[in-house]
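Residue numbers (our numbering): 263 to 332.
All C-beta atoms, glycine included, are put in the ideal place defined by N, C-alpha and C.
Scroll down for the structure; my scribbles are underneath it.
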Amino acid sequence: MTRTLTAAVHQEEDWFVARCLELDVASQGQSLDEALANLREAVELYLEQVAQPQIEATPFVTAFQIASAA
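Here it is in structure tokens:
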């Protein structure tokens, strides 16, 4: 069975940090592709180890604007 999950990725200096929004799992890599591949592996390992994983509903993610403080 194939399941689609959602990743949020941000950059911290030279690293990309990827976090699965439905599970409490994160990973990192030196490129976006590497971070996502590492996250995929981490999620697969997590799901193999946890008998009944708590998979949250995919959150609605959007952008919004604020007035500049400076």
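Next on the checklist: If distances are taken between C-alpha atoms only, which option among A325, Q311, A297 comes closest to C282?
Outcome noted: Looking up residue 282 in the sequence shown gives position 20. When each option's Cα is compared against that of C282, the closest is A297.
Checklist entry - Any idea if V312 is buried or exposed, counting beta-carbon neighbours within 10 angstroms, 16 or more meaning buried? => result Within the sequence shown, the letter at position 50 stands for residue 312. Under this definition V312 is an exposed residue.
Checklist entry - When you compare each of V271, I328, T264 to V287 by their alpha carbons, which one comes out closest? => result Residue 287 sits at position 25 when you count from the first residue of the sequence shown. Measuring from the Cα of V287, the nearest candidate turns out to be V271.
Checklist entry - For E318, which beta-bridge partners are listed by DSSP? => result As a working mapping, residue 318 is identified with position 56 in the sequence shown. For E318, which the question treats as bridged, DSSP gives no partner whatsoever.
Checklist entry - How about A280 and Q292: are their beta carbons less than 8 Å apart? => result Mapped onto the sequence shown, residue 280 falls at position 18. Mapped onto the sequence shown, residue 292 falls at position 30. No; because the gap between Cβ atoms is not below 8 Å, this pair is not in contact.
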